[in-house]
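Enquirer:
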Amino acid sequence: MPALLQMIGRRLISAIILLWGVTVVTFALMTIVPGDPAAANLSQQAYDDPELRAAFERKWGLDQPIWVQYGRYIVNLFHGDLGVSQQTHRPITQDLAQYIPATLEIALPAMILAIVIAVALGMIAATRKGSAVDGGIRGISLVGLSTPPFWLALVALYVFFYALGVVPNGGRLSNDYDPPPTITGMYSLDALFAGQWDVFADAVWHLILPVGILTALSVSGLLRFVRSAMIEVLDAEYIRAATAKGLPPRTITWRHVFKAGLLPVLTVSGLMFASLLGGAVLVEQVLSWPGLGQYAYKSALSLDLQAILGVTLFIAVVYTLINLLVDVLYTIVDPRIGAK
Amino acid sequence: MSDTTLLSIEDLSVVMPTADGSLELVHDTSIRIGEGEVVGLAGESGSGKSMTASAVMGILPEGATASGRVMFEGRDLLTLSTRELNEVRGNRISIVFQDPTAALHPLLRIGTQITEHLIHHTGVSQKQADARAVELLDLVRIRDPHQAVTAYPHQFSGGMRQRAAIAIALACEPRLLIADEPTTALDVTVQAGILRLFDRLARETGVSMLFITHDLGVMSAIADRTYIFKDGTVVEHGATNEILNSPSHEYTRALIASRAQSLAAERTHRGGAR
Amino acid sequence: MTILSPDRLAVAKTPRRRGFRRNRRFTPRTSFWTPVTVISFGVILAWVVAAILAPVIAPYDPLETSGPYLEAPSGAHWMGTDDLGRDVLSRVIYGTQLSLPLALAIVVFSLLVGGTVGLAAGYFGRAVDNVLMRVADLVLAFPQIILAMAVAAAFGPSVGNAVLALVIVSWPLYARIIRSSVLSVREQEYVFSGRLLGSTTLKSLVKDVIPNSAGPALVMATIELGNAILMLAALSFLGLGPRPPAAEWGAMIALGSQNLGNWWISLFPGLAILTIVMAFNLLGDAIQDYLDPRSRNARKR
Chain A
1 MPALLQMIGR
11 RLISAIILLW
21 GVTVVTFALM
31 TIVPGDPAAA
41 NLSQQAYDDP
51 ELRAAFERKW
61 GLDQPIWVQY
71 GRYIVNLFHG
81 DLGVSQQTHR
91 PITQDLAQYI
101 PATLEIALPA
111 MILAIVIAVA
121 LGMIAATRKG
131 SAVDGGIRGI
141 SLVGLSTPPF
151 WLALVALYVF
161 FYALGVVPNG
171 GRLSNDYDPP
181 PTITGMYSLD
191 ALFAGQWDVF
201 ADAVWHLILP
211 VGILTALSVS
221 GLLRFVRSAM
231 IEVLDAEYIR
241 AATAKGLPPR
251 TITWRHVFKA
261 GLLPVLTVSG
271 LMFASLLGGA
281 VLVEQVLSWP
291 GLGQYAYKSA
301 LSLDLQAILG
311 VTLFIAVVYT
321 LINLLVDVLY
331 TIVDPRIGAK
Chain B
341 MSDTTLLSIE
351 DLSVVMPTAD
361 GSLELVHDTS
371 IRIGEGEVVG
381 LAGESGSGKS
391 MTASAVMGIL
401 PEGATASGRV
411 MFEGRDLLTL
421 STRELNEVRG
431 NRISIVFQDP
441 TAALHPLLRI
451 GTQITEHLIH
461 HTGVSQKQAD
471 ARAVELLDLV
481 RIRDPHQAVT
491 AYPHQFSGGM
501 RQRAAIAIAL
511 ACEPRLLIAD
521 EPTTALDVTV
531 QAGILRLFDR
541 LARETGVSML
551 FITHDLGVMS
561 AIADRTYIFK
571 DGTVVEHGAT
581 NEILNSPSHE
591 YTRALIASRA
601 QSLAAERTHR
611 GGAR
Chain C
615 MTILSPDRLA
625 VAKTPRRRGF
635 RRNRRFTPRT
645 SFWTPVTVIS
655 FGVILAWVVA
665 AILAPVIAPY
675 DPLETSGPYL
685 EAPSGAHWMG
695 TDDLGRDVLS
705 RVIYGTQLSL
715 PLALAIVVFS
725 LLVGGTVGLA
735 AGYFGRAVDN
745 VLMRVADLVL
755 AFPQIILAMA
765 VAAAFGPSVG
775 NAVLALVIVS
785 WPLYARIIRS
795 SVLSVREQEY
805 VFSGRLLGST
815 TLKSLVKDVI
825 PNSAGPALVM
835 ATIELGNAIL
845 MLAALSFLGL
855 GPRPPAAEWG
865 AMIALGSQNL
875 GNWWISLFPG
885 LAILTIVMAF
895 NLLGDAIQDY
905 LDPRSRNARK
915 R
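Chains as they are written, first to last, in the numbering used here: chain A, 1 to 340; chain B, 341 to 614; chain C, 615 to 915.
1) Which residues in the same chain as A:Val167 place their Cβ atom closer than 6 Å to its Cβ, once the five residues preceding and following it in sequence are excluded?
2) Compute the beta-carbon to beta-carbon distance between C:Leu846 and C:Tyr737, rounded to the nearest angstrom, for a pair I have assumed lies under 8 Å.
3) Going by other Cβ atoms of all chains shown within 10 Å of its Cβ, with 16 needed for buried, is C:Ile671 buried or exposed?
4) So is C:Asp899 buried or exposed if we call it buried at 16+ other beta carbons inside 10 Å?
5) Tell me the rounded alpha-carbon separation between B:Thr573 and B:Leu535.
6) Could you work out which residues of chain B lie near A:Thr331, taking near to mean beta carbons separated by less than 7 Å?
7) Please name the residue, chosen from B:Arg432, B:Gly463, B:Asn585 and B:Ala488, that lies closest to B:Arg415 on a Cα-to-Cα basis.
8) Determine the chain A residues that contact B:Leu444 at a beta-carbon separation under 8 Å, and present them in chain order.
9) Enumerated in chain order, which unbroken segments of the alpha helix (DSSP H) with a length of 4 residues or greater are wholly contained in the stretch 394–481 of chain B?
10) Identify which residue in A:Pro181, A:Ser269, A:Val219 and A:Tyr297 has its Cα closest to the Cα of A:Leu325.
11) What separation, rounded to the nearest whole angstrom, lies between the Cα atoms of C:Arg639 and A:Val265?
12) When DSSP labels each residue in this structure, what does A:Gly9 get in the three-state scheme?
13) The alpha helix (DSSP H) spanning A:His206 covers which residue range?
14) What is the rounded straight-line gap between the Cα of A:Leu276 and the Cα of C:Pro757?
15) Considering only their Cβ atoms, is the gap separating B:Ala563 from B:Ile435 smaller than 9 Å?
16) Would you mind sorting B:Val608 into buried or exposed? The rule is 16 or more other CB atoms within 10 Å of its CB.
17) Which same chain residues end up closer than 6 Å to C:Asp906 when comparing Cβ atoms and leaving out the 5 residues on each side of it in sequence?
18) State yes or no: is the C-beta of C:Arg800 within less than 9 Å of the C-beta of C:Asp743?
19) May I ask which residues mark the beginning and end of the alpha helix (DSSP H) holding A:Asp304?
20) Residues in the same chain with beta-carbon distance under 6 Å from C:Ile666, minus the five sequence neighbours each way, listed in chain order, please.
21) Cβ closer than 7 Å: which chain A residues qualify as neighbours of C:Ser871?
22) Got a sec: which bits of the stretch 265–285 of chain A sit with their beta carbon under 8 Å from any beta carbon on chain C, in order along the chain?
23) Counting beta carbon pairs with one atom in the stretch 717–731 of chain C and one in the stretch 825–843 of chain C, are three or more of them shorter than 8 Å?
24) Between which two residues does the alpha helix (DSSP H) holding A:Asp190 run?
25) Which chain C residues are close to A:Ile147, counting only those with a beta carbon under 7 Å from its beta carbon?
26) What residues of chain A sit near B:Phe437, judged by a beta carbon separation below 7 Å?
27) Opposite B:Ala519 in the DSSP bridges: which residues?
28) Between the stretch 215–227 of chain A and the stretch 138–148 of chain A, do three or more beta carbon pairs fall short of 8 Å?
29) By the 10 Å Cβ neighbour count, where 16 or more other Cβ atoms means buried, how is A:Asp178 classified, buried or exposed?
30) What are the start and end residues of the alpha helix (DSSP H) that includes A:Ser99?
31) Is the separation between the beta-carbon of C:Ala893 and that of C:Val663 shorter than 9 Å?
32) From C:Pro669 to C:Val706, what does the alpha carbon distance come to, in whole angstroms?
33) With H, G and I counted as helix, E and B as strand and the rest as coil, what does DSSP make of C:Ala831?
34) At a CB-CB cut-off below 7 Å, which residues of chain A make contact with B:Met397?
35) Can you tell which of C:Trp785, C:Ile791 and C:Gly875 has its C-alpha closest to the C-alpha of C:Gly694?
36) Run down chain C in chain order and give the residues with a C-beta less than 8 Å from the C-beta of A:Leu18.
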């Protein structure tokens, strides 16, 4: 147990260093960036007026030298203040609190579904290596990997909304519904907590398409890895030994192969979450889903430094947490680790 | 020489397709193992001895095909379906592999690896199987067997792992135990102990053995009869003593000679190193 | 591609196979030119030819109105026209002139930058190695699209900046490959020379690293060519790449998203991307299978 705590401690320290590094790099990049936030956020008239421009810069502290800006930012950070967004004029923490749950609402279910489906298909493909089933599964995976996510979203939107009319045209809720009282920020869960069944149903209905698309994309990537991890396990001597013990193939597949192959699959799944977020950006754009991707996009366009930094920090935190979670899972699942 | 035949390998051939046509790994091999016998299979690495064992157990590498007959308990093992073969494997015939570290599942406890096929084959309860597992670990002289059943393979030393593997192989009281170079991957200091274990098991439990090795010294210590294997087939066979003392085939002579040479080299090295 | 292939990460993360394992799979080694490989190569070749011969084979000028607005695929316009009356087929063909050279540029520059970093990390070792690889890790773990988006937005949307953004996002993959190659070359030297000759010169190290890493680097580069095309399309879809009215596939898809009913505007550019990226992925796989030492070992027995 102390070994585990030690590891967590070490991870936390490197995480803090990492996050600090992220702030430094992002700030540094922004200094060499030729873009001018004032130009990006003010109308042409306002920009031409030197007084208005100076007022803008004063308001956002842009007239100070960069290290002063950086210092102020770090101080605020310790107070849990990420600054105010130039484009929404709200505290960034508030923005994040609104947009992050929206993305999580589609990313988390997609991740879970993708893992389950990918493991199942991957094992089937691995145990039937070289067969038509294997070829088919690999083919589907290949198509999913080669498809532009935003195009897939459009095609799905066309087929299921425009042509078949079974899903809504993007957005999180239909116009006739109001969002439920905020607890998690995820409309479906919050509606459930509030007992608003009709809102819940509507929210879930809106979730179908984005979650489906993200799942399909994630499965493709994960599937290849699961398959090759399982094939490597199938090659192992201990699987041969298990066969020589006269155990039925099903037992071998699910107790021996699955267990051994699960570990590398877990690691990769953790890594995939970040790329899932990336895919979410594009899908959110197509389906008008007001999530973190949309927020990042708008912030990038308006050169909203603090907002971009907020998003970046959040992602870095997620990255660290996931790595930590994967490491902890590893020590739990693999008895060889920590045996010193 | 035993009267009743337990396993009879008749005209076995194992063929493997490669990029340059078919490769015959084993050809025209006939081996007989009698009840209660320890039969040795000696030869260099790559001579096809392990392939023969794999053919008996039905675990040939992908793509390889076996022809001929492997008669056991009145049936030809080569013709059995997977389900029928699974009734035999691990139950009536068991195998111990060369590298115990690779052959044991890294994520399953030793106890589980003993009981899982025991329960499957004999239908005993979990509790009975657990008790038997402790007995078996005691049989193979693993210290503190009650603790050992809960352990994972990586917590054992190499020698202990092989003992555990032997315990696994003996779980269902098989009639035949195949040992494929069981000491080769082990430390020299540990090898003797494992050999003694095999010897004791043969004498105490009466299990028949097919003992595969490249080491003639090991052969002379443990095998009643020996088959000399070269390039995929048997070149000489007979009682171990007779073969080693008065070999008829020149290959056997060469083997013995090289063994003597390496022994002599070892002695001088040890002498000089002092 | 924004949903990262874990293979990409896996190849980047694992340096070499651990030692020699008694290989139980005797796969007969077949020629490199399987039907799948031939088809993939053919597809890529076809698109390259399309890029070169665009002015000749495109029926209309991609930038000019050549027909009625928003016309569905017909005899005159096989892929229909967009909202400005431009022929979609011609724009798809001309799209190759943007996507292919840009993707190549991205891969080449990423390889150069990443290779240099990997070389430095392997050569200097210790602290330098640590820092560089941590940075590489972070870049790799970051959602590609967000990083690329931020860079492209900060420096202004243009072709050059899109390339820059994607190079920034992709170099770590090559850095890892080159670094592990450097490490394994040094390991071999240590074994052979027993440190008699002292430390290696940078020059001789490079000479050894290039052939050693050529295989994995080639596989990565092939797959990355496909990925670069996907990412370029994503950036221009977001309005951060080549500016309109350039016929870039991603931008065309974006245009189509505003006219959902006119499915042909988005469908065909997307199919173009799909086919060429699939071809690159398959080809990369084929090269990897061919170079895989495991299938080579099979011949020895």
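Note that the Cβ used here is the ideal one computed from N, Cα and C, for glycine as well.
Expert: Taking the coordinates as given:
1) Here residue 167 of chain A refers to the residue found at position 167 when the first sequence is read from its first residue. Counting only Cβ-Cβ distances below 6 Å, and skipping sequence neighbours, we find Phe160, Phe161, Ile208 and Leu209.
2) The residue labelled residue 846 of chain C in the question sits at position 232 within the third sequence. The residue labelled residue 737 of chain C in the question sits at position 123 within the third sequence. In fact, because the Cβ distance is near 33 Å, the residues do not count as touching under 8 Å.
3) Translated into the one-based positions of the third sequence, residue 671 of chain C becomes position 57. Flag for C:Ile671 reads exposed.
4) For this step, residue 899 of chain C is matched to residue 285 along the third sequence. Under this definition C:Asp899 is a buried residue.
5) The count along the second sequence starts at 1 and reaches residue 573 of chain B at position 233. The count along the second sequence starts at 1 and reaches residue 535 of chain B at position 195. Between the alpha carbons of B:Thr573 and B:Leu535 lies a distance of about 26 Å.
6) For the purposes of this step, residue 331 of chain A is identified with residue 331 of the first sequence, where counting begins at 1. The premise fails here: A:Thr331 is roughly 13 Å from chain B at the closest Cβ pair, so nothing lies under 7 Å.
7) Counting from 1 along the second sequence, the entry for residue 415 of chain B is found at position 75. Minimum Cα distance to B:Arg415 is reached at B:Arg432.
8) To locate residue 444 of chain B, count along the second sequence from 1; it is residue 104. Neighbours of B:Leu444 on chain A, chain order: Tyr238 and Ala241.
9) For the alpha helix (DSSP H) assignment, the uninterrupted runs of no fewer than 4 residues enclosed by the stretch 394–481 of chain B are, from N- to C-terminal side, 422–428, 440–443, 450–462 and 466–479.
10) Locating residue 325 of chain A in the first sequence gives position 325, where the first residue counts as 1. The closest CA to that of A:Leu325, considering only A:Pro181, A:Ser269, A:Val219 and A:Tyr297, is found on A:Ser269.
11) Position 25 of the third sequence, counted from the start, is the residue given in the question as residue 639 of chain C. Position 265 of the first sequence, counted from the start, is the residue given in the question as residue 265 of chain A. Note that C:Arg639 scores a pLDDT of 44, beneath 50, so its modelled location is shaky; the value from the coordinates is reported in the next line. Whole-angstrom Cα-Cα distance: 23 Å.
12) For this step, residue 9 of chain A is matched to residue 9 along the first sequence. Correct three-state label for A:Gly9: helix.
13) Indexing the first sequence from 1 puts residue 206 of chain A at position 206. Taken as a continuous stretch (DSSP letters only), the alpha helix (DSSP H) holding A:His206 covers Trp197 to Leu234.
14) Working through the first sequence from its first residue, we reach residue 276 of chain A at position 276. Working through the third sequence from its first residue, we reach residue 757 of chain C at position 143. Their backbone Cα atoms lie some 8 Å apart in a straight line.
15) The residue labelled residue 435 of chain B in the question sits at position 95 within the second sequence. The residue labelled residue 563 of chain B in the question sits at position 223 within the second sequence. Cβ atoms of B:Ile435 and B:Ala563: not closer than 9 Å.
16) As a working note, residue 608 of chain B is residue 268 in the second sequence. First, the residue type needs correcting, since residue 608 of chain B is Thr and not Val in the sequence shown. Taking every protein chain shown into account, the CB of B:Thr608 has fewer than 16 other CB atoms within 10 angstroms, so this residue is exposed.
17) The residue labelled residue 906 of chain C in the question sits at position 292 within the third sequence. Excluding residues within five positions, none has a Cβ falling inside 6 Å.
18) Within the third sequence, numbered from 1, the residue matching residue 800 of chain C stands at position 186. Within the third sequence, numbered from 1, the residue matching residue 743 of chain C stands at position 129. 9 Å or more divides the Cβ of C:Arg800 from the Cβ of C:Asp743.
19) Looking up residue 304 of chain A in the first sequence gives position 304. Following the DSSP letters along the chain, one finds A:Asp304 in no alpha helix (DSSP H), marked with neither H nor E.
20) The count along the third sequence starts at 1 and reaches residue 666 of chain C at position 52. Excluding the 5 residues flanking it on each side, C:Ile666 has no same chain C-beta neighbour closer than 6 Å.
21) Working through the third sequence from its first residue, we reach residue 871 of chain C at position 257. Scanning chain A for C-beta atoms nearer than 7 Å to the C-beta of C:Ser871 yields Leu154 and Val286, reported in chain order.
22) Taken in chain order, the members of the stretch 265–285 of chain A whose beta-carbon sits within less than 8 Å of a beta-carbon on chain C are Val268, Leu271, Met272, Ala274, Ser275, Leu276, Leu277, Gly278, Gly279, Val281, Leu282 and Gln285.
23) Yes, the stretch 825–843 of chain C is in contact with the stretch 717–731 of chain C.
24) Your numbering for residue 190 of chain A matches position 190 in the first sequence. Tyr187 to Ala194 is the span of the alpha helix (DSSP H), which, as asked, contains A:Asp190.
25) By 1-based counting over the first sequence, the position of residue 147 of chain A is 147. Before going on, a small fix: residue 147 of chain A reads as Thr here, not Ile. Leu888, listed in chain order.
26) Mapped onto the second sequence, residue 437 of chain B falls at position 97. Here the neighbours are Glu237 and Ala241.
27) By 1-based counting over the second sequence, the position of residue 519 of chain B is 179. For B:Ala519, which the question treats as bridged, DSSP gives the partners B:Val436 and B:Phe551.
28) Using a Cβ-Cβ distance cut-off of 8 Å, the stretch 215–227 of chain A and the stretch 138–148 of chain A are in contact, since at least three pairs of beta carbons, one from each stretch, lie closer than that value.
29) Here residue 178 of chain A refers to the residue found at position 178 when the first sequence is read from its first residue. Exposed, because fewer than 16 other Cβ atoms sit within 10 Å of the Cβ of A:Asp178.
30) Residue 99 of chain A sits at position 99 when you count from the first residue of the first sequence. Reading off the sequence shown, one finds Tyr at residue 99 of chain A, where the question assumed Ser. Note, A:Tyr99: alpha helix (DSSP H), Ile92 to Thr127.
31) Residue mapping note: residue 893 of chain C aligns to position 279 of the third sequence, counting from 1. Residue mapping note: residue 663 of chain C aligns to position 49 of the third sequence, counting from 1. No, the Cβ-Cβ distance between C:Ala893 and C:Val663 is not below 9 Å.
32) Here residue 669 of chain C refers to the residue found at position 55 when the third sequence is read from its first residue. Here residue 706 of chain C refers to the residue found at position 92 when the third sequence is read from its first residue. C-alpha of C:Pro669 to C-alpha of C:Val706: approximately 12 Å in a straight line.
33) Here residue 831 of chain C is taken as the residue at index 217 of the third sequence, counted from 1. Correct three-state label for C:Ala831: helix.
34) Taking the second sequence and counting its residues from 1, one reaches residue 397 of chain B at position 57. The answer, in chain order, is Ala244.
35) As a position in the third sequence, residue 694 of chain C is number 80, starting the count at 1. Checking every option, the nearest Cα to that of C:Gly694 belongs to C:Gly875.
36) Taking the first residue of the first sequence as 1, we reach residue 18 of chain A at position 18. Chain order gives the chain C residues near A:Leu18 as Arg748 and Leu752, where near means a beta carbon separation below 8 Å.
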